[in-house]
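Report on the structure given below.
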Amino acid sequence: SARLVIDEFYIFKRSIKNGRIAMSTFMAFGLLFTLFPSQSLFDAVAVTGTASMFLTPVMIVTFLGGKIPIWAYIITWFFSMIGAFAYIFRDIETITYLLPGLHKYDQLLSICLYIIVFGFCICFIGALSNRFLAKA
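Numbering (this note's numbering), first residue to last: 14 to 149.
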């Protein structure tokens, strides 16, 4: 996440100091997250894993030779954050409506599949748009 903020989003100038600040910030947010009233350590691991799932389609499409635009990174990341929050607040009526009658592990699997499928769609659209724009 720190590399994404520094290298891809260009929020800060690339330097060792800024990279360490970004990593420390993400570490602090992770530490704060463990202080939330959580039922188990599994919930914390599940949420952080769900939040980082946006990297899977990004890396695979990049390894296949696609150049992914920044807007695709942002949309995929945002959707993974929605998935992480959906798992945290899975007892809310809207979330239970979208994932009816499922055990929390099945809900997590469903959310992860949504993130992966949506992420691949956005990354492929972004990579294809780059190719078509380059030819024009």
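Heads up, the beta-carbon is just placed ideally off N, CA and C, and yes, glycines get one too.
Everything numeric in this text was worked out from a predicted model, so none of it was measured.
Span separating the alpha-carbon of residue i from that of residue j
{"i": "residue 76", "j": "residue 109", "result": "36 Å"}
{"i": "residue 113", "j": "residue 137", "result": "30 Å"}
{"i": "residue 25", "j": "residue 127", "result": "31 Å"}
{"i": "residue 123", "j": "residue 86", "result": "21 Å"}
{"i": "residue 64", "j": "residue 144", "result": "28 Å"}
{"i": "residue 21", "j": "residue 103", "result": "31 Å"}
{"i": "residue 36", "j": "residue 92", "result": "22 Å"}
{"i": "residue 134", "j": "residue 30", "result": "35 Å"}
{"i": "residue 163", "j": "residue 148", "result": "The structure shown does not extend to residue 163, since the chain spans only 14 to 149, so no value can be given for it."}
For residue i, three-class secondary structure by DSSP
{"i": "residue 68", "result": "helix"}
{"i": "residue 19", "result": "helix"}
{"i": "residue 114", "result": "coil"}
{"i": "residue 132", "result": "helix"}
Buried versus exposed, by CB contacts within 10 Å (16 or more), residue i
{"i": "residue 90", "result": "buried"}
{"i": "residue 121", "result": "buried"}
{"i": "residue 83", "result": "exposed"}
{"i": "residue 119", "result": "exposed"}
Contact under 8 Å by Cβ, residue i with residue j
{"i": "residue 60", "j": "residue 88", "result": "no"}
{"i": "residue 67", "j": "residue 132", "result": "yes"}
{"i": "residue 140", "j": "residue 79", "result": "yes"}
{"i": "residue 129", "j": "residue 70", "result": "yes"}
Close beta carbons around residue i, own chain, < 7 Å, minus the five adjacent residues each side
{"i": "residue 94", "result": "64"}
{"i": "residue 15", "result": "32, 35, 36 and 39"}
Proximal residues to residue i (C-beta, below 8 Å), its chain only, five neighbours per side dropped
{"i": "residue 142", "result": "82"}
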